[in-house]
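**Q** Can you read through this structure? Questions will come right after.
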Amino acid sequence: MGRKRSRRKRHYQETPVEETSKKPEVIEATSTKVKESDDVELDLGQAYKWLVKHQKTLLLIALILIPLFIAGYYRAYPAHLPITDSWAEGSVTQYYQNQLRGQLKQDFPNLPDANLNERVSQQYNELIKNQSEIIEQQIAQTSQSFKERMKNDAGETYLLAIDPWVYYMDSVNVNDHGYAGEVLVDGEPREMRAMAPLGTSVSTNIHVYINIWVWKILSIFVGGLSLMGGAFWTPLIIASLSTIPAFFLARRKAGNLAGFVAAIIVAVHGAYLNRTPAGFSDTDAYNVFFPLLVAWLFLEAFEAKELWKKVALSAAAGLALGVYSMAWVGYWYILYILVFVIIGYLLFTVIKQLYSNYLLKQNNKTTKTWVETGAWPAIKNTLILTAIFIFVTGLVVSLRYGLQTFLNVPMQILSFSQLKVAANPNLWPNVLTTVAELNEVNFAGVVGNMGGKFLFWLALIGSAAALLPSKDKLKGKDILFLGLSVLITLFLVSDKLLNASPVTYLFTLMLPLTIGGIMLITDKRNIDIKFALLLLIWFVATMYATTKGVRFTLVLVPAFAISIGTLLGTLHTHISRLLAKELELPRKLVIPVLAILLCLVLVAPVKSAHNIALNEIPSMNDAWYSSLIGIKENSAENAIITSWWDFGHWFKAIAERPVTFDGGSQNTPMAHWVGKLLLTEDEEESIGILRMLDCGSRTAFERLEEKLVDIVYTKKVMDELILLDYDDAKERLLTEGLSEEEAEYVLERSHCKPPEAFFITSQDMVGKGGVWGHFGSWDFEKAYIYNRLRGKTQDAAVTEMIEKFNYTEEYAKQMYFEIKGITSESAANSWISPWPGYSSGWIGCTEQIVTVNRSDDGGETSVLENKSVAVCPTNINLGSNNAAEARADAIIIDVDEPENSRIRIGFYQGGIRQSQNDLSQPRKLVIAHKNSEDGLETFSFEGQGNNMGATYDVENKRLLLADPLHTGSIFMQLFYLNGKYNEKYELFSDKTSFNGQRIIVWKVNWDGGEETEE
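Just remember that the numbering used here sits 12 ahead of the position in the sequence shown, which is counted from 1.
Dropping the structure here:
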């Protein structure tokens, strides 16, 4: 039994042979999995080792790409116009709330406003809950509708602003026939759409070629992309690339964190972002990119070890600056900055060596010659590299523009200082005084534009911190210098100093570097001051530039960004070292944590970037575009468009027709003539001016001035000529001593048979009325007195005024005393000519019966009479004194007896009306009668204590308030009265944009006037 059991047992052990025979497969599979796991672990391990090995390179790449991505991200907003979502939400919300409010008012007419608003809010919230999908769909559809109004038929957002359109036009021309402009004259390109009918010579900006290159590259990936669609992305690309030289420039001084911070600030800074979003295809992007690139390459040349690298980098800097000259005429500013950096560096080196020799003498040691000292190699190296830099720059500029252009660079500062003079030397007005981007801004405004006092303070400290050693341990005097710099820079951002004179402010700005430089003279450490000099001089130069125009805050951005980066990078280096040593914290923990904390400074600028980018939308819209396309498709190619200059580039690029003047020719006599054309009340005078401009632009005046010499007298003669027909004008010229040939030359350019003409009046011109009204009413006699006589003695000036202008002696003396009291160009501008504007839009009026006291017998008796008048509420503040205030509560218009029209003036104390009277009259009143045959009646009431002009539209019972100079003007007749009373201006198109801006195009009817010779 036992054996059997034993045998069974063995048999039992042997039976599962087939099962156990499978075990090796299981074991093999398991071993394979283990092997795969080992391979994965091995791969991960190798990847980790690779990451550790290349961590510095990868970190560097990440630090470069992050700012570049951020720069592109925010600048891409205009492509999809996200702001329309909030517009749509507001529009739909307002629609439903108005519906609810109207229904509630109907149901509860006596419901107080507070309760009404509360119920509207409650019902609207309920509506959202019940119909959220429908409302969201309506919002999406409305948003899409808004977007479509700012895009072409291909779904491409229109170019932003104005100037990008002229570069787009040039890009089209270059792509089409190889040169900017429409024709070649003597082998030189000429733009015949500018300064019509003359045209103007044109050079091709490098931006034009870059637009084409970008378009061709993007077209590979985006089918059907138009040239406008390609040019749309150019500023985004250039601005994003600007972060790279910013990174390396700051990194050279204070490490990776410095470079990262500088690059981020360049990427998101408002002064740069709002000039370089996608669609703003102007040259502004180059004004940050190239200066950063040039400065980086130039300083890198001094850091290079090998001679060939030094030469190559210096030459590359010169080449970059030469290319920059092809993008912006003001390229020379960075050349000046770098030259002054070198001068400062050489002076410092020489002084330091002189001090060293002085110490040797004091210690009775042998002094070294300059060649023997360590200073000489540095000086020689500096001079050679600077010479290479300037030579290459000059070579590139000369090859493009001629040697004389480069030789004239030292004179550019002088012309820059004349940007804001009131009158040009030739007595014509200086239109640049009114260009928005050239508006003057004080240093408090500069600080605000740069991001506020805190960031500006950090930047100022950073410019001083550039003198500190970036890696070596700080010494006691370094800490002292930094402390002094903090105190001085705190003073620099105080209201007191920000409102001080520019000289005082800039002198104080230079104090930290001056103190630091003096301290370094006695320092044996080899601290290179070129970087600190670069930041300081960049700050000083560009802050001075901002006094000539707010647009120049843009060129301060690089120094601002690098200074903040330098400060944070320097703090990071020294604080992390201190924490790791004193607190014995691990550096691997301290370095990233501290970097993150310091980068919190960037939160506010990045948030601000979102808001700025959100509001970057095109000024062009479907209403403007279709208006201009209408001209293009329904006019001859030589038809001329006239309007105020601002949108001239649009007219040229879209309508493809010549313009009287534009953004490239605004500072010319046409500004006065077009302003006068708009301001005159006489349609014949406006047509006479337009005919002169369309026949020969300013050439008729210039030839006449050559003969008569005196510009003031020439202007008087020309003002007469434009009102005369050809024969009478010729006779008038002959009486001035012109020969038959000379007279005919002038008349060919003032009284020809003009080409087809279009005149545009648009909503924006209302707000600009003060500007074109100023230039249109320009007083040439006053301009002469201010420019030519204020430097003379009283006797000489008075005598000349009496002889030249036939003034009385008393009046001439008064004029002399007035000009001697003028203390600024701005005041001179206002003295020569006023700034008339519009005070209101149309004001609805109501008819009322009033009782008037009428005297019919010379005042012996009076009769009370009831009559109908129009009462127009105005509520205009006329002035205040302490708590007392005078307001024009209403204007009462008596159409039958306009001389009885009155201003109803209320006198208020603490906001409560104390009394009211109807004694004053508007200085000028225009009655626009119901029937166009009755025309416009103008009444002037001199001696009134106000400067109010009023136009009453009888048919529509409405009133328009403006300066008397605008009241009844051609612009008012066309834009506000719809050309009802005009014969020479025929309505061509009348469109209103989605944002309520009206654009009216008029076709000029030259027929019906006096016969003119061809």
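We put the CB at the ideal spot given by N, CA and C, even for glycine. A quick note: this is a predicted structure, and the numbers were derived from the prediction, not measured.
May I ask you to list the residues that DSSP assigns as paired with T863?
**A** Beta-bridge pairing links T863 to N878.
**Q** Helix, strand or coil: which one does DSSP assign to S326?
**A** Helix.
**Q** Leaving aside the five residues before and after F564 along the sequence, list all residues of the same chain whose C-beta is less than 7 angstroms from its C-beta, in chain order.
**A** Contacts found: T554, A557, T558.
**Q** What ranges does the alpha helix (DSSP H) occupy inside the region 708-785, keeping only unbroken runs of at least 4 residues that lie completely in it?
**A** The qualifying runs are 711-720, 723-733, 738-747, 752-760, 776-779.
**Q** Helix, strand or coil for R131? Go by DSSP, reduced to three states.
**A** Helix, per DSSP.
**Q** In this structure, how does DSSP classify S513 when only helix, strand and coil are distinguished?
**A** Here S513 sits in coil by DSSP.
**Q** Starting from Y556 and walking both ways along the alpha helix (DSSP H), at which residues does that stretch end?
**A** Unbroken alpha helix (DSSP H) run through Y556: 542-558.
**Q** Are the beta-carbon atoms belonging to Y413 and F455 less than 9 angstroms from one another?
**A** No. Outside cutoff.
**Q** Just checking, does the region 767-778 make contact with the region 788-803 on the three C-beta pairs under 8 angstroms criterion?
**A** The region 767-778 is not in contact with the region 788-803.
**Q** For the pair the region 174-192 and the region 123-140, tell me if three or more CB-CB distances fall below 8 angstroms.
**A** As far as the Cβ criterion goes, the region 174-192 does not touch the region 123-140, which means the pair count is below three.
**Q** On the three-state DSSP scale, how would you describe W854?
**A** Looking at W854 - three-state DSSP - the assignment turns out to be coil, as it is neither helix nor strand.
**Q** Mind reading off the beta-carbon distance from T1092 to N223? Whole number of angstroms is fine, and I expect it under 8 angstroms.
**A** Residue 1092 lies beyond the range of the chain shown here (13 to 1026); nothing can be said about it.
**Q** Whole angstroms is fine: what's the gap from Y85's alpha carbon to T361's?
**A** Cα to Cα, Y85 sits roughly 45 angstroms from T361.
**Q** May I ask you to verify whether the region 263-270 touches the region 95-115, counting CB pairs closer than 8 angstroms and requiring at least 3?
**A** With the cut-off at 8 angstroms, the region 263-270 and the region 95-115 do not touch.
**Q** Q9 by DSSP, collapsed to three states: which one?
**A** Outside the displayed range of the chain (13 to 1026) lies residue 9, so it cannot be described from this structure.
**Q** Tell me the residue span of the alpha helix (DSSP H) that contains R970.
**A** Looking at the DSSP string, R970 is not in any alpha helix (DSSP H); the run it does join, the beta strand (DSSP E), is 970-974.
**Q** Where do the N-terminal and C-terminal ends of the alpha helix (DSSP H) with Y828 fall, by residue?
**A** Element bounds for Y828: 821-832.
**Q** What's the gap between the Cα of H941 and the Cα of N894?
**A** Taking the straight line from one Cα to the other gives about 42 angstroms.
**Q** Alpha helix (DSSP H) containing G282: first to last residue?
**A** 282-285 is the span of the alpha helix (DSSP H), which, as asked, contains G282.
**Q** Considering just the uninterrupted stretch of the beta strand (DSSP E) at F919, what are its terminal residues?
**A** Looking at the DSSP string, the run of the beta strand (DSSP E) that includes F919 is 914-921.
**Q** Give the secondary structure of Y89 by DSSP, where H, G and I count as helix, E and B as strand, and everything else as coil.
**A** Helix.
**Q** Just verifying my parser: in three-state terms, what is the DSSP assignment at N185?
**A** Residue state, collapsed to three classes: helix.
**Q** Where does I539 fall in DSSP's three states?
**A** Residue state, collapsed to three classes: coil.
**Q** Measuring CA to CA, which of E697, T212, Y179 is closest to V195?
**A** Taking only the C-alpha atoms, the option nearest V195 is T212.
**Q** Among the residues of its own chain, which have a CB less than 6 angstroms from the CB of L720, if the five just before and after it don't count?
**A** Hits under 6 angstroms: T726.
**Q** Please classify A41: is it buried, with 16 or more other beta-carbons within 10 angstroms of its beta-carbon, or exposed?
**A** Summary for A41: the model assigns pLDDT 47, below 50, so the residue's position carries little reliability; its value from the coordinates is reported in the next sentence. Label assigned to A41: exposed.
**Q** Grab me the residues of A327's own chain with a C-beta within less than 7 angstroms of its C-beta, minus the 5 sequence neighbours each way, in chain order.
**A** Cβ within range, chain order: I400, V404.
**Q** Nearest to I723 by CA position, among I699, F659, A667, D791, is which residue?
**A** Among I699, F659, A667, D791, the Cα nearest to that of I723 belongs to D791.
**Q** Going by C-alpha distance, which of F983, C611, F572, A573 is nearest H584?
**A** The option with the nearest alpha carbon to H584 is C611.
**Q** At 4 residues or longer, and completely inside the region 606-686: list those alpha helix (DSSP H) runs for me, N to C.
**A** Segments of the alpha helix (DSSP H) lying fully in the region 606-686: 615-626, 634-645.
**Q** Out of F663, T654, E628, which has the shortest C-alpha to C-alpha gap to K644?
**A** Considering only alpha carbons, the answer is F663.
**Q** Taking just the CA atoms, how far does M181 sit from S1005?
**A** Distance between the alpha carbons of S1005 and M181: 23 angstroms.
**Q** Would you mind sorting R599 into buried or exposed? The rule is 16 or more other CB atoms within 10 Å of its CB.
**A** By the 10 Å Cβ count, R599 comes out exposed.
**Q** When DSSP builds the beta bridges, which residues end up paired with A902?
**A** A902 pairs with P885, R916.
**Q** Quick one: Cα of Q416 to Cα of T963, how far?
**A** When rounded, the distance between both Cα atoms is 56 angstroms.
**Q** If the criterion is Cβ atoms closer than 9 angstroms, does the pair W685 and R703 meet it?
**A** Not a contact, by the Cβ cut-off of 9 angstroms.
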